[in-house]
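Numbering (my numbering), first residue to last: -1 to 557.
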């Protein structure tokens, strides 16, 4: 850290004053922060005149918040950028007619595209939660159309896409996937998880230039909402139209195009097992030159509750009668233990996807084994999503030091959750739906991420929901009769300082970036300036970033 004598040796490049400086963890209150050469060199009350030089830029924030830059601990920015450059449904009203109009318009404006691809549809736009192939056929029938759902667990396709991929009534559901069918067994046009692989194989290979454009577009958007760094939770994954993005990050980093600090979680191919370890190590060795490192490995253990692919300890509850099987564990629990132990032995941090309570337990068991085999390795292992956690497993996060990587924007009574998800969980499991406060109370470190493009990347929208367990009125995707007024399991709300800390210091810790996430002497000057004092805001989601700074350099400024 920088001591007083050292920081007085030169003037500051920039001083922020009259600021509501957010300092978590009992740090001394401050209203002034000085930055020199990309580093915070003073945090104080009032401006130190010795820090002012001829070129010092002094910014009076008028009482607005100055925070550490937000760090998104779980996102898929290249996928989001690709979606924005294709048939993008993510910003539309949740209506069938709006989606079809957008598809028709895109097809008309892109007559030379042999396969139309896009993403961003929500199931609550359709009467029974799923669209059909006939919907798309009504606007585009002459070429394949493949539209990925907002959660990236489903593909909505037309009849031409099914026929081109050879999917019909005789096609067997693949391991890790499910074909939605009508009463006669014919595919309806929605393919869940790995069932979408066959249609996604129809998508022409994207160029490296397109991938770079997607990354830069995504980086621009993330900076605009105050994000200074992120963890890409699927580097190397190829599913639902996603392509291996490892080279995209390496090339952008070498070209100096990355202005954010990025950690890549290299994708674990479940079907390959431990023989892929050499390739993962080789990839890691190619990073670390500037802003991009690949120190984590992503392991996906289940799907999602809404389509019954999340792995649950007990069967899903069917609304109309019979229970539904308890979901899928993508990797055998014993194989999962072997994989995590081998990864930890190679000094990879492990980032696991677990939505259902059985998947959470299997991941905790595997990480407990890995930690026991490698007790001196500080891997910053983490489990993401945690939609349902059995009460017996909540204390294990703190006991094992496993980070709870939460997507807080989901913890509200959206129409899709109320109508599709909660009935499947049943009343016995509802109290353990996104148990943020319980995890924190039992000693878990919380990190926050958006899972963008599954949901919006605005950290302040997610923070609002973490604190109130309701939606912010600033979010157009907060849809439902109760979403703004009735909290979802209000006992699991966390305080605003806790939520801010989770999206800054907690996520920086999860990324292994210990010189970011806090405002203190010697920390890197990754900062975000808000338009008001967030601690006094009625609707946290209505607060806006006005400037985003990485290493002392402004990377976003509001118009």
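C-beta: ideal position from N, C-alpha, C; glycine also. All of these numbers come straight from a predicted model, not from anything done at the bench.
Identify which residue in the options has its Cα closest to the Cα of residue i.
i           : options            : result
residue 389 : 256, 144, 427      : 427
residue 533 : 465, 149, 95, 506  : 465
residue 185 : 397, 474, 158      : 158
residue 500 : 549, 97, 487, 444  : 444
residue 461 : 45, 248, 541, 216  : 541
residue 47  : 310, 26, 398, 8    : 8
residue 243 : 31, 283, 206       : 206
residue 23  : 447, 494, 552, 528 : 494
residue 410 : 433, 422, 397      : 433
residue 75  : 235, 179, 503      : 235
residue 311 : 478, 430, 230, 341 : 430
residue 302 : 548, 70, 192       : 192
residue 36  : 211, 343, 520      : 520
residue 401 : 309, 351, 371, 370 : 351
residue 371 : 266, 345, 160      : 345
Measure the alpha-carbon distance for residue i versus residue j and round it to whole angstroms.
i           : j           : result
residue 190 : residue 412 : 21 Å
residue 4   : residue 375 : Confidence at residue 4 is low in this model, with a pLDDT of 42, below 50, so its placement is unreliable and the value that follows should be read with caution. Each residue's Cα considered, the two are about 33 Å apart.
residue 121 : residue 250 : 35 Å
residue 2   : residue 273 : The predicted model places residue 2 with a pLDDT of 47, which falls under 50 and marks its position as unreliable; any figure quoted below should be read in that light. Near 52 Å, if we compare the C-alpha coordinates of residue 273 and residue 2.
residue 331 : residue 490 : 29 Å
residue 198 : residue 175 : 13 Å
residue 0   : residue 28  : Because the pLDDT at residue 0 is just 44, under 50, the model does not fix this residue reliably, and the value given afterwards should be weighed accordingly. Looking at the two C-alpha atoms, the distance is approximately 17 Å.
residue 440 : residue 531 : 30 Å
residue 418 : residue 353 : 15 Å
residue 208 : residue 287 : 23 Å
residue 451 : residue 52  : 44 Å
residue 283 : residue 246 : 16 Å
residue 293 : residue 214 : 22 Å
residue 178 : residue 547 : 46 Å
residue 137 : residue 104 : 11 Å
residue 527 : residue 226 : 12 Å
residue 100 : residue 472 : 23 Å
residue 487 : residue 479 : 16 Å
residue 73  : residue 230 : 5 Å
residue 397 : residue 355 : 18 Å
residue 373 : residue 498 : 30 Å
residue 536 : residue 513 : 31 Å
residue 435 : residue 511 : 25 Å
residue 6   : residue 202 : No answer about residue 6 holds up, because its pLDDT of 48 lies below 50 and its placement is not dependable.
residue 551 : residue 524 : 8 Å
residue 558 : residue 111 : Any answer about residue 558 is impossible in this case: the structure gives the chain only from -1 up to 557.
residue 289 : residue 368 : 29 Å
residue 83  : residue 204 : 12 Å
residue 342 : residue 285 : 19 Å
Inspect the beta-carbon positions of residue i and residue j and report whether they are closer than 9 Å.
i           : j           : result
residue 228 : residue 240 : no
residue 50  : residue 85  : no
residue 457 : residue 468 : no
residue 416 : residue 381 : no
residue 232 : residue 328 : no
residue 383 : residue 449 : yes
residue 143 : residue 156 : yes
residue 304 : residue 334 : no
residue 56  : residue 41  : no
residue 378 : residue 424 : no
residue 188 : residue 153 : yes
residue 459 : residue 420 : no
residue 123 : residue 96  : yes
residue 275 : residue 170 : no
residue 447 : residue 78  : no
residue 263 : residue 295 : yes
residue 365 : residue 38  : no
residue 518 : residue 69  : no
By the 10 Å Cβ neighbour count, where 16 or more other Cβ atoms means buried, how is residue i classified, buried or exposed?
i           : result
residue 299 : buried
residue 173 : exposed
residue 543 : buried
residue 337 : buried
residue 454 : buried
residue 11  : buried
residue 554 : buried
residue 326 : buried
residue 133 : buried
residue 557 : exposed
residue 107 : exposed
residue 270 : exposed
Given 8 Å as the limit, is there contact between the segment 18 to 26 and the segment 60 to 72, that is, 3 or more CB pairs closer than that? Taking a contact to require three or more Cβ pairs closer than 8 Å, the segment 18 to 26 and the segment 60 to 72 qualify as touching.
Quick check: the segment 145 to 155 against the segment 103 to 118, are there 3 or more CB pairs under 8 Å? With the cut-off at 8 Å, the segment 145 to 155 and the segment 103 to 118 touch.
If we count Cβ pairs, one from each stretch, closer than 8 Å, do we get three or more for the segment 250 to 261 versus the segment 91 to 104? Counting Cβ pairs under 8 Å, fewer than three are found: no touch.
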